[in-house]
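Residue numbers (the UniProt record's numbering), protein chains in the order written: chain A, 1 to 520; chain B, 1 to 520.
2 protein chains.
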Amino acid sequence: MANIQCAEEFFMANEALRHFRPTQASIPPREVNYRLRLPSGVPVHIHALNPLAFLLRAAQVYPSKLALVHPDVPHPVIYSYGVWAQRVQNFAYALIQAGVKPTDRIAIIAPNTPAVAEAYHGVLGARAVICAINTRLTHGEVAYILEHSESKLVFVDHEYTHLVKGAKVPVVVINDNGREDDPYEQFLTSGRKFSGERGWPGLEWERNEDAPCALNYTSGTTGRSRCVSGYEALSAFFRELRMGLQIGLINAPQARRLERPVRAIIAGSAPTAHLIGELEKINIVPIHVYGLTCTYGPSTKCYYQPHWMSLSLEERAKLLARQGHSFATAEDARVVFQLKEGEIPDAPLVDVPKDGKTMGEIVFRGNIVMKEYFKDPEATCKAFRGGYFNTGDLAVWHPDGYIAVQDRSKDIIISGGENASSLAIEQELATHPDVLEVSVVARPHPKWGERPMAFVILHPQKAAKWKGRHAEFEQDLKKHVRGRLPGFACPEWVSVVDELPKTSTGKIQKVELRKLVAKL
Amino acid sequence: MANIQCAEEFFMANEALRHFRPTQASIPPREVNYRLRLPSGVPVHIHALNPLAFLLRAAQVYPSKLALVHPDVPHPVIYSYGVWAQRVQNFAYALIQAGVKPTDRIAIIAPNTPAVAEAYHGVLGARAVICAINTRLTHGEVAYILEHSESKLVFVDHEYTHLVKGAKVPVVVINDNGREDDPYEQFLTSGRKFSGERGWPGLEWERNEDAPCALNYTSGTTGRSRCVSGYEALSAFFRELRMGLQIGLINAPQARRLERPVRAIIAGSAPTAHLIGELEKINIVPIHVYGLTCTYGPSTKCYYQPHWMSLSLEERAKLLARQGHSFATAEDARVVFQLKEGEIPDAPLVDVPKDGKTMGEIVFRGNIVMKEYFKDPEATCKAFRGGYFNTGDLAVWHPDGYIAVQDRSKDIIISGGENASSLAIEQELATHPDVLEVSVVARPHPKWGERPMAFVILHPQKAAKWKGRHAEFEQDLKKHVRGRLPGFACPEWVSVVDELPKTSTGKIQKVELRKLVAKL
Chain A
1 MANIQCAEEF FMANEALRHF RPTQASIPPR EVNYRLRLPS GVPVHIHALN PLAFLLRAAQ
61 VYPSKLALVH PDVPHPVIYS YGVWAQRVQN FAYALIQAGV KPTDRIAIIA PNTPAVAEAY
121 HGVLGARAVI CAINTRLTHG EVAYILEHSE SKLVFVDHEY THLVKGAKVP VVVINDNGRE
181 DDPYEQFLTS GRKFSGERGW PGLEWERNED APCALNYTSG TTGRSRCVSG YEALSAFFRE
241 LRMGLQIGLI NAPQARRLER PVRAIIAGSA PTAHLIGELE KINIVPIHVY GLTCTYGPST
301 KCYYQPHWMS LSLEERAKLL ARQGHSFATA EDARVVFQLK EGEIPDAPLV DVPKDGKTMG
361 EIVFRGNIVM KEYFKDPEAT CKAFRGGYFN TGDLAVWHPD GYIAVQDRSK DIIISGGENA
421 SSLAIEQELA THPDVLEVSV VARPHPKWGE RPMAFVILHP QKAAKWKGRH AEFEQDLKKH
481 VRGRLPGFAC PEWVSVVDEL PKTSTGKIQK VELRKLVAKL
Chain B
1 MANIQCAEEF FMANEALRHF RPTQASIPPR EVNYRLRLPS GVPVHIHALN PLAFLLRAAQ
61 VYPSKLALVH PDVPHPVIYS YGVWAQRVQN FAYALIQAGV KPTDRIAIIA PNTPAVAEAY
121 HGVLGARAVI CAINTRLTHG EVAYILEHSE SKLVFVDHEY THLVKGAKVP VVVINDNGRE
181 DDPYEQFLTS GRKFSGERGW PGLEWERNED APCALNYTSG TTGRSRCVSG YEALSAFFRE
241 LRMGLQIGLI NAPQARRLER PVRAIIAGSA PTAHLIGELE KINIVPIHVY GLTCTYGPST
301 KCYYQPHWMS LSLEERAKLL ARQGHSFATA EDARVVFQLK EGEIPDAPLV DVPKDGKTMG
361 EIVFRGNIVM KEYFKDPEAT CKAFRGGYFN TGDLAVWHPD GYIAVQDRSK DIIISGGENA
421 SSLAIEQELA THPDVLEVSV VARPHPKWGE RPMAFVILHP QKAAKWKGRH AEFEQDLKKH
481 VRGRLPGFAC PEWVSVVDEL PKTSTGKIQK VELRKLVAKL
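Okay, here's the thing in structure tokens:
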């Protein structure tokens, strides 16, 4: 069988895999043509970019190479590129057989399993739009998304069927065992049957590069926002990167320096200089990227400059904590002055000076930006003010051209007329050795209007040390940051907590902290 | 100065560089905006791909990194990305000042010097079309190209001014010393003055991805053929790769095995298994690519399969000598049956079976294919038969999907009704230890119609051995290939020569050999 050859080491490592065989429908025919059918009238020297091309090439050139392994489950599966591509092809045909038309939405609710990877490609094969729903959402949120997206079909991992109870949409359950009796496998088999072995040439190549391919409902602060994005499939793979990962790493008692440097991507929210420094200590090279769902995830990177090597860890970490420059795939990222009261919305955007001080809003444009907010032209128009996507993130622009996020616009604390960046405050508080995580929000103040309030999680190994002495810790922490922050930015209140409210993507929900503050 | 920091090692290595400073006009202003002006009405989520973007990004992110060094000349030059980008910008403005409009052709005749790299980018900046003319062409050929291309301006390296004597086109001479008194430098300076420091935003971003950017006159067998290609600038850098390189390497008496493997690209014409084997012996890892000027150079690659490692050198070399699969940038490469007599030209193309035997023609399509033959719609239409670019190269398709070139259609030798591939014959002759280079053409034969005749250059160290005994060598060579080739493919005649006629790009001119044969 095709996939055995390159998968030897995995069979060795995982006895269970030895016994796995893909379903009959997953085995490609002897001679395969890995080309989609071209629509007529396409010039010889032009082909529309299509994310499916990556998989088709892999299957064409390296059919027996290991594509996908899913070992740590009761029923491990393993697929070569040849087999995996066949499954994707089956998926596409099964959708078409089910009556799915180009631009129809197809929903999926599943953890990181083979079915998700197959859905992302199979939906493209049918020229439909994938709508991946976060497994951490509630039944109500899922119901809303299914209705709003008008999904024609929803795939659900067997662990999450409760999220689609009572859904009016046809449901395909994924038992995630790769066996003939898995409803999901039966769905794929039906596609293979329906294909009549027309293979890839039986599916049409999407000639319109601007055709939608993904409908993403963000778990961001706008609650039920949503965006349709164009072809940029690869970047979707960044989705799962979170800050939590790394914080857990450096605080694990068994953490020790790695023999060889390991590159790790940091995304989700701006890392503290403290975190980056700690990562370097255990030989993890942090690659700091920044972006939003509406820019397809990461779209800036803090490009490392050789001469930074000569700097102290703390200096270097501060530079690395900046968001940097736009990706090659993002045509442009700028920091511009925000729209002032009474200003006409389509006034040309004006860059803030590259002085590392003047705060403005980060804006993006280019192939990496979402196409629109689905069914919400008004929000789209607002977000695209000045011909750029307005992120709502506040930043400064440094003389070396590096962008550094300061805050979400609404997270700014206006203390005695001064703008205090809650992020900047958090970064300094996080340098206290006993602080594990910290979040800062504005709290109303009779004299200064607003003052910063800090919510702190103590380092597990230090919690005991301050037990019953939180007032002392508060003093110690304030003392620690005094020299490091301007007076107006020093936290007025510090509250030690056991956990911080987070979104399903691991971002701290400041809106929840504000509710707490409001009750004080 | 910006470029000093990263260029230290070069200053150390080359004393002369220490004294070089770029012209005033080459120093970028303190604050630079590396973005071209966007034409109005471009959607936020779309940006046309533009090869200039690579340079602009490099200059934005790494302004002081070493971009370009030209050390081994009387007046060495060295530029950082910041400085080099400024020079390119000056180039673009100077063209506009000279009245150059989008799609106008700009010619350049120069060896591998900084001016060439600057021209390739500067011409894009002015949205004009670069026409790089081969320095090995004759005065007459150059005159034809300048006239046919209607070039508005021609840049000529000081060593090649004789090629443009009497040209009606305005000429800018390049003294290649980077000094204020170099006419080329004065041209750049005039551009900087004309720019009024509007910088990159003073130049418009080309919104049409299908706009022409290069007009290439091939030195191929069609003599004065020419093609206009769309944006694919990077691949243009492959231009200079030649087989000659490697043949010289393996035959150099001082050749010895390298400590670490070095990747080397083989292109220009199909390498013999013998050559690949010899390269591996000295630890050079050959990357075999194949393509034509009209597919922007390399467009297939012989992708290496892990399990080939277990094969013998000769077996592996035979596999590596194949042309392989299309690049990611080439949507598709196929081997199809050639147009038969009386067949309608726009009949759909039919793939040859993947049996490694049936011969067909290699065809390409996709973003890497040229746009058209300039001013020759008829030739374009013929070349694009069936919606693909027809290369005229004959090949077989192996069961593993690898394409293997057999011959140019007209180089096939029809001996006793059998099709003999001159390339296949050459590959076997080249395995004789005393053979340095060999070329085979058809020679009329009273009984068989045609029979192969081989022209052989002896290995320098073996020439003495066979001095005055060429007849014996001929027998020895025939004996060597007898078992390896079918009878009809064994050369009937062998002629030992001192050199083989070659084109300016290093390809053997079989047309010249045929003239010799005709005289016999």
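Where a beta carbon is used, it is the ideal one built from N, C-alpha and C, also for glycine.
6 angstroms CB neighbourhood of residue i in its chain, flanking five on each side removed
i	result
residue 139 of chain A	163
residue 324 of chain A	300, 301, 302, 303 and 402
residue 85 of chain A	55 and 59
residue 240 of chain A	Low local confidence applies: a pLDDT of 27 at residue 240 of chain A is under 50, so the model's placement there is unreliable, and no value is given.
residue 118 of chain B	87, 88 and 91
residue 291 of chain B	297, 298 and 299
Spatially closest choice to residue i from the options, by CA coordinates
i	options	result
residue 474 of chain B	B:461, B:453 and B:276	B:453
residue 205 of chain A	B:513, B:366 and B:372	B:366
residue 20 of chain B	B:34, B:370, B:179 and B:342	B:179
residue 192 of chain B	B:157, B:71, B:95 and B:308	B:95
residue 26 of chain B	B:294, B:185 and B:519	B:185
residue 122 of chain A	A:158, A:150, A:53 and A:66	A:53
residue 218 of chain A	A:258, A:506, A:514 and A:442	A:506
residue 40 of chain A	B:348, B:411, B:392 and B:455	B:348
Cβ of residue i within 8 angstroms of any chain B Cβ
i	result
residue 328 of chain A	yes
residue 332 of chain A	yes
residue 290 of chain A	no
residue 388 of chain A	yes
residue 35 of chain A	yes
residue 362 of chain A	no
residue 31 of chain A	yes
residue 374 of chain A	no
residue 125 of chain A	no
Assigned exposure category for residue i - 16 Cβ within 10 Å defines buried
i	result
residue 508 of chain B	buried
residue 213 of chain A	buried
residue 499 of chain B	exposed
residue 103 of chain A	exposed
residue 88 of chain B	buried
residue 368 of chain A	buried
residue 370 of chain B	buried
residue 237 of chain B	Reliability of the predicted coordinates at residue 237 of chain B is poor, the pLDDT of 31 falling under 50, and the value obtained from them is presented with this limitation in mind. With fewer than 16 Cβ atoms within 10 Å of its Cβ, residue 237 of chain B is classed as exposed.
residue 406 of chain B	buried
residue 294 of chain A	buried
residue 284 of chain B	buried
residue 286 of chain A	buried
residue 44 of chain A	buried
residue 18 of chain B	exposed
residue 15 of chain A	exposed
Cβ shell of residue i (< 7 angstroms), same chain only, five flanking positions each side left out
i	result
residue 33 of chain B	199, 200 and 201
residue 42 of chain B	207
residue 161 of chain A	173
Interface flag, residue i vs chain A, CB-CB below 8 angstroms
i	result
residue 93 of chain B	no
residue 57 of chain B	yes
residue 18 of chain B	no
residue 405 of chain B	no
Interface residues of chain C facing residue i [CB-CB closer than 8 angstroms]
i	result
residue 344 of chain A	No chain C appears in the structure shown, which is made up of the protein chains A and B.
Contact set for residue i: own chain, Cβ-Cβ below 8 angstroms, skip 5 residues either direction
i	result
residue 257 of chain A	281, 282 and 283
residue 466 of chain A	434, 458, 472, 473 and 496
Note to self: Closer than 8 angstroms is the cut-off here; do at least three beta carbon pairs connect the region 270 to 285 of chain B with the region 313 to 326 of chain B?
What the structure shows: yes
Notebook entry, point to check: Is the region 255 to 263 of chain B in contact with the region 419 to 431 of chain B, if contact means three or more CB pairs nearer than 8 angstroms?
Noted result: no
Check: Is it true that the region 130 to 137 of chain B meets the region 71 to 88 of chain B, where meeting means three or more beta-carbon pairs spaced less than 8 angstroms apart?
Finding: no
Margin query: Would the region 326 to 333 of chain B count as touching the region 345 to 356 of chain B if we require 3 or more Cβ pairs under 8 angstroms?
Written below: no
Notebook entry, point to check: Any chance the region 167 to 176 of chain A sits against the region 104 to 114 of chain A, with 3 or more Cβ pairs inside 8 angstroms?
Noted result: yes
Margin query: With a threshold of 8 angstroms, are at least 3 pairs of Cβ atoms found where one atom belongs to the region 33 to 43 of chain B and the other to the region 479 to 499 of chain A?
Written below: no
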